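Under numbering that gives the first Met the number 0, the letters of the sequence shown match residues 0 to 568, in that order. Below: the structure, in structure tokens.
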Amino acid sequence: MSQLPVIFWFLFLLFLPLNSAFSQSSQFIGLPIIYNYSPTLYGFHSQNWGAVQDRRGLIYFANSDGILEYDGVKWRLIRLSNGEACRALYLAPDGIVYVAGFNEIGYISYSRTGNAEYTSLKSKMRGRENDFLDVWSIAWFNGKVYFSTYDQVFIWDGKLVDTFNSQKSISSLVSSNGKLIVAYKNGNPEIFDGNKLIPFISNNLLNDADRIILCPKSDGGLVLFTKQGAMYEIIDRKVSPIRDDLPNLKNGGSIYEAKQLSNGLIALATVTAGVIIIDENGTIIQTLNEERGLGNNVAYSIYEDRQKNLWITLEEGLARININSPISIFDKRFKLFGSLADVSVFKNRLFVSSTFGVFSLDFSGKISDHYFDRHDIKLDESWNFFRHRDKLYISSSTGLYKIESNKETRLTDDYCFMALSPSDSTDTILLASDDGLSVIRLDPTGEKVVQSFEVKGITGEVRNITELAKKDFWLEISPYTLVRVKFNNGYFKQPEIIRYKYESSNFGNAIATINSRGIPWLLHPSGLLKFDPEKNQFTSLKSNIPLRARDPFSSPLICNYSTDTLIVF
0 MSQLPVIFWF LFLLFLPLNS AFSQSSQFIG LPIIYNYSPT LYGFHSQNWG
50 AVQDRRGLIY FANSDGILEY DGVKWRLIRL SNGEACRALY LAPDGIVYVA
100 GFNEIGYISY SRTGNAEYTS LKSKMRGREN DFLDVWSIAW FNGKVYFSTY
150 DQVFIWDGKL VDTFNSQKSI SSLVSSNGKL IVAYKNGNPE IFDGNKLIPF
200 ISNNLLNDAD RIILCPKSDG GLVLFTKQGA MYEIIDRKVS PIRDDLPNLK
250 NGGSIYEAKQ LSNGLIALAT VTAGVIIIDE NGTIIQTLNE ERGLGNNVAY
300 SIYEDRQKNL WITLEEGLAR ININSPISIF DKRFKLFGSL ADVSVFKNRL
350 FVSSTFGVFS LDFSGKISDH YFDRHDIKLD ESWNFFRHRD KLYISSSTGL
400 YKIESNKETR LTDDYCFMAL SPSDSTDTIL LASDDGLSVI RLDPTGEKVV
450 QSFEVKGITG EVRNITELAK KDFWLEISPY TLVRVKFNNG YFKQPEIIRY
500 KYESSNFGNA IATINSRGIP WLLHPSGLLK FDPEKNQFTS LKSNIPLRAR
550 DPFSSPLICN YSTDTLIVF
């Protein structure tokens, strides 16, 4: 007796698993999977300022209580020497994680047992220790580590810490294309060679800018943002505008940090607008905020780990965004409502049928911050899409409709669960209804029925039609009946009907079939069955998995088949 080697189970979701969420080549840009970590979950301060992954793979967060360590299961706090807040973390090329905090600079060391510990560098500062308040930024340049406060830069050479005093208020430090760049709260950024500041910009376009955010690119270029969202690039020491503002920041929002991701896109951590993903031209690809699943709209930093996940540090907690996942989510946040029945991609639009009607989304471009359009077609319930002669149709409770982007044409009036175009006919359609099976022929436009035929002897809800061979079909009839229909004399003559019936007192006993290389499979609460053409009957397959639906009004369904895999949901 045959045995099915692999069975996968899927829950019914209001999600559509499509292409990678932020893939630049993908037209399907929905929401990525977002995991939010609240302060009550990890048990320490709500504010987090930065993140880094060490060489062992552990993730560390700059938390207002200290350094927060996460191994994927457990959370642990590593306190700074003075017990104050940690403001920044940085993984240097030498593999050491450097730490900046309130009146503290140092690094993470490891005990003999492998536990991470904080080691302060204050004792290595030339002259006596002093109070320097918050250290916000860390960078690596020419084998040295640079820490910046608002008005000082500390330089660690591996032995001692030197201090450089700035006359301007420092915003951040970054290393880019062989240069250490200092950004200020106002005015043009400058180059710091370790001893002095050197002019970097030859034009004065940024003189009046309020806080410059630097974003080094993988190709050696440098993109600059102002706090309010203007975007620039530096070419031959000149600042050139890319765009004047980002629309999401018009109502008082501001950029806190910018990072280029491994896929070339740029992620912006913003105050009040969450995380914004843009391309190098400033086009918005994705917005992730509280409305779209992010735990908080105040984002301070972005870190991409080795698995290409984004870690977002927030005013209230942390978030992990699985942007490298092949799953992209479309749900009510895209104004998609109801229980979903079917999906179809047709002529650059994503069509969805649900209990609320037909919805579609334009995918001719890559911008994802738009919503599903609800079609004017009035349906209590819409069921399956199907294609016929390069046209899209939908079966529904109020009939069969031809679907287009701007209009719908009604072809029939009767309840229609499913429609199927036989493989040997270009103008014939089989309709599964709530009271039998019918056959129609369409005119060349596909918008008018020119001939119809009601099959006699079939009553009840015909839920599914599966083509076995030319003019040979299986019908699933609720409840508990499987019918084989052979149109031996053409589609508009009475066919031969063969019945298979399975009686049971249990709930959730609807039959589901799928055609695999000419042989139907049957999923029934009594088990998995395979049709034997020679015996003209179904035989049971061995399975240790109970095929019971929790909902008494539904049943497990088969959604796909390959050589050795049956997918059941």
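Backbone N, C-alpha and C define an ideal beta-carbon position, used for all residues, glycine too. Since we're looking at a predicted model, the values are computed, not measured.
Buried versus exposed, by CB contacts within 10 Å (16 or more), residue i
i	result
S175	buried
P92	exposed
K406	exposed
K226	buried
E68	buried
P494	buried
G113	exposed
E502	Note that E502 scores 44 on pLDDT, short of 50, meaning its location in the model is unreliable and no value can be drawn from it.
Q23	Any reading at Q23 must be qualified, since the residue scores a pLDDT of 39, below 50, and its modelled position is unreliable; the value itself is stated next. That one is exposed.
H374	buried
A468	exposed
P570	Any question about residue 570 goes unanswered here, given that the chain covers just 0 to 568.
L349	buried
N535	exposed
P240	exposed
E303	buried
S108	exposed
G356	buried
N584	For residue 584 there is no data in the structure shown, the boundaries of the chain being 0 and 568.
P443	exposed
R483	buried
In DSSP terms, what residue i is bridged to
i	result
S572	Because the chain is modelled from 0 through 568, residue 572 falls outside the range shown and cannot be assessed.
I277	I265, I283
Q52	I58
W473	T465, R483
F452	V438
D341	S352
L179	S174
Y109	A115
T408	K401
D423	Looking at the DSSP assignment, D423 forms no beta bridge with any residue, so it has no partner.
S395	S381, G398
D570	Given a span of 0 to 568 for the chain in the structure shown, any question on residue 570 remains unanswerable.
P240	Y231
S300	T312
V96	L90
Q536	D531
Separation of residue j from residue i, as counted between CA atoms
i	j	result
L391	F362	16 angstroms
S300	L267	8 angstroms
D389	R440	16 angstroms
T397	G273	43 angstroms
N202	T354	59 angstroms
F60	E83	14 angstroms
T465	L317	49 angstroms
W473	M417	13 angstroms
A229	N280	12 angstroms
A257	K195	26 angstroms
F101	G292	32 angstroms
N295	N187	32 angstroms
I197	I233	16 angstroms
T538	L264	54 angstroms
E475	Q285	43 angstroms
R210	H387	58 angstroms
P600	E315	Not covered by the structure: residue 600. The range shown for the chain is 0 to 568.
Q306	A298	21 angstroms
7 angstroms Cβ shell around residue i - same chain, five flanking residues per side excluded
i	result
D413	G398, S432
S80	E103, Y117, S119
I154	K143, Y145, V160, D161, F163, G193
I77	G65, I66, E68, A115, E116, Y117
L260	A266, E303
Own chain partners of residue i with C-beta closer than 6 angstroms, once the 5 adjacent residues on each side are dropped
i	result
D70	L57
E460	D433, S477
L90	V51, V96
T427	P421, R440, Y490
W409	One point to set straight first is that residue 409 is Arg, not Trp, in the sequence displayed. If we look at R409 and ignore the five residues flanking it on each side, its Cβ neighbours are G398, Y400.
I457	G435, L436
I137	A87, Y89, Y97, A99, F146
G219	N176
Contact set for residue i: own chain, Cβ-Cβ below 8 angstroms, skip 5 residues either direction
i	result
N593	The chain is shown only over 0 to 568; residue 593 falls outside these bounds and no answer can be derived.
Problem - Touch test, the region 54-69 against the region 333-348, Cβ-Cβ under 8 angstroms, three pairs minimum - result: The region 54-69 is not in contact with the region 333-348.
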